[in-house]
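Have a look at the structure below, then the notes.
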Amino acid sequence: DIFINIYPFFWDLINPANTQITDAVVVARILNAVLVVPELDHHSFWKDDSDFADIFDVDWFISSLSKDVTILKRIPDKVMRSMEKPPYTMRPPRKSMPDYYIDQVLPILLRRRAVQLTKFDYRLANRLDDDLQKLRCHVNFHALRFTNSIQSLGQKLVQAMRKMSSRYIAIHLRFEPDMLAFSGCYYGGGEKERTELGEIRKRWATLPDLRSEDERSRGKCPLTPHEVGLMLRALGFANDTYVYVASGEIYGGEKSLQPLRDLFPNFYTKEVLAGNDLEPFLPFSSRLAAIDYIVCDESDVFVANNNGNMAKILAGRRRYMGHKRTIRPNAKKLSSIFKARNSMDWETFSRRVKAAERALWGAIRDETRPR
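Per full-length UniProt numbering: the sequence shown = residues 1 to 371.
As structure tokens, then:
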């Protein structure tokens, strides 16, 4: 047997790990190799020491893919002892085609018997043959199942929302300090904001200098909580709509959230709904994100304030599972609308917001419309 061990870069909470794990299975299939259950990075910004089995049901993962790829929890000790050298470590280029793995990885794998692929973020091309794309879907939407403890609490929060209202919106709010620092965007907080976010931005030494106005006009700045609320009201959602907000630490805290609360007073979070049940999960950002993922996935309408990883993955899953409504902002067009908001009446603002969303998503995105 030959073994592939994948070491994903656990970059954005739970979500890119889904993509990386999915691609790890596909690469194992391409190479006809045994896949060792992927390891998660414990050294990234998030400082989360969760392993695969702390987040996903590892036994289900192995059994549900048994007809496609052989998966083991670890390389057998007997095999490790028989190897002349430890597993060879390499990092494939981004978006590599299957031919790269056949031509460059397989010869090393056959010589060394085991290869470890590190920081496996987007290391496989998006467009593959149909059979490999189908395997991707099977892994992402069927084989990756959360642990019972995560699934149980997530469903408990869904039921709590349903008890209050038969329908609810889930908003994934990426407005953490690191997110804003990474984006290079400015939100009007003066020298305090520039200093605080500037210090955080130094953690990424290779980031270029950016002009906030340029980034905003390009649609690269996440919407503020207030802007998300205004967008939803402009799209026709009433202020008695029940809203679940999935987020980490919000930059500016309650001051940033208050305008969204004012627009939608029926405002709930996992912290409010779960109470003490959340305590075992608090040290682990990835497990908290998994709980949010479940509540967002089960919502009647899913809303994001940017077009980042969780928004993309959940939008794809919701379409795959039945075309449930999803709203992702046309930030490029919305930036100019928000900038001019005080110079127009509400009807004009609402009309322009609706037009901006239609311009981006078109008729296929009827799921953005409230009922």
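We put the beta carbon where it would ideally sit given N, CA and C, even for glycine. All values reported here derive from a predicted model rather than from experimental measurement.
- DSSP places arginine 145 in the coil class of the three-state scheme, outside both helix and strand.
- Arginine 94 sits close to tyrosine 122, with the two beta carbons spaced by under 7 Å.
- When Leu232, Leu278, Thr206 are compared, the shortest CA-CA separation from leucine 288 is found for Leu278.
- 7 Å or more divides the Cβ of serine 350 from the Cβ of alanine 238.
- Excluding residues up to 5 positions away in sequence, Asp300 lie with their Cβ nearer than 6 Å to the Cβ of arginine 167 in the same chain.
- DSSP places glutamine 258 inside the alpha helix (DSSP H), whose first and last residues are 253 to 263.
- Assigned with DSSP and collapsed to three states, alanine 340 falls in coil, not helix or strand.
- Between asparagine 305 and leucine 207, the CB-CB gap reaches or exceeds 7 Å.
- The Cβ atoms of arginine 328 and asparagine 342 do not sit closer than 7 Å to each other.
- By the criterion of at least three beta-carbon pairs nearer than 8 Å, the stretch 144 to 158 is not in contact with the stretch 113 to 130.
- For the alpha helix (DSSP H) assignment, the uninterrupted runs of no fewer than 4 residues enclosed by the stretch 175 to 225 are, from N- to C-terminal side, 177 to 183, 190 to 201, 212 to 217.
- Here tyrosine 320 really is in contact with phenylalanine 141; their C-beta atoms are around 5 Å apart, less than 8 Å.
- Scanning its chain for C-beta atoms nearer than 6 Å, with the 5 sequence neighbours on each side dropped, one finds around lysine 332 the residues Gly219, in chain order.
- Counting along the chain, glutamine 133 sits inside no beta strand (DSSP E); it lies in the alpha helix (DSSP H) bounded by residues 130 to 138.
- Bounds of the beta strand (DSSP E) holding serine 247 are 243 to 247.
- The Cβ atoms of valine 34 and threonine 70 sit closer than 7 Å to each other.
- About 15 Å separates the beta carbon of arginine 29 from that of aspartate 1, a gap too long to meet the 8 Å contact definition.
- Tyrosine 244 sits close to valine 295, with the two beta carbons spaced by under 7 Å.
- The three-state secondary structure of threonine 118, taken from DSSP, is strand.
- For a cut-off of 8 Å, the C-beta gap from leucine 157 to lysine 270 is around 6 Å, short enough to register as a contact.
- Bounds of any beta strand (DSSP E) do not take in isoleucine 102, whose DSSP letter is neither H nor E.
- If you check the CB distance, leucine 257 and isoleucine 250 come in under 7 Å.
- The C-beta distance from threonine 22 to valine 139 rounds to 4 Å, short enough to meet the 8 Å contact threshold.
- Contact annotation: aspartate 48 and serine 247 have beta-carbon atoms that are not nearer than 7 Å.
- Between isoleucine 55 and alanine 290, the gap from beta carbon to beta carbon is short of 7 Å.
- By the neighbour-count criterion, in which 16 or more other beta carbons inside 10 Å mark a residue as buried, asparagine 126 falls on the exposed side.
- Taking 7 Å as the cut-off, the Cβ atoms of glycine 184 and glutamate 215 count as close.
- Classified as buried, glutamate 298 has 16 or more neighbouring CB atoms from the shown chains inside 10 Å of its CB.
- Sequence-distant partners of aspartate 51 (beyond 5 residues in either direction) whose C-beta falls short of 8 Å from its own C-beta, in its chain, are Glu39, Leu40.
- In the structure shown, methionine 90 adopts extended strand secondary structure according to DSSP, grouped into three states.
- Bounds of the alpha helix (DSSP H) holding valine 58 are 58 to 64.
- Straight across, the Cα-Cα distance linking leucine 232 with serine 335 is about 15 Å.
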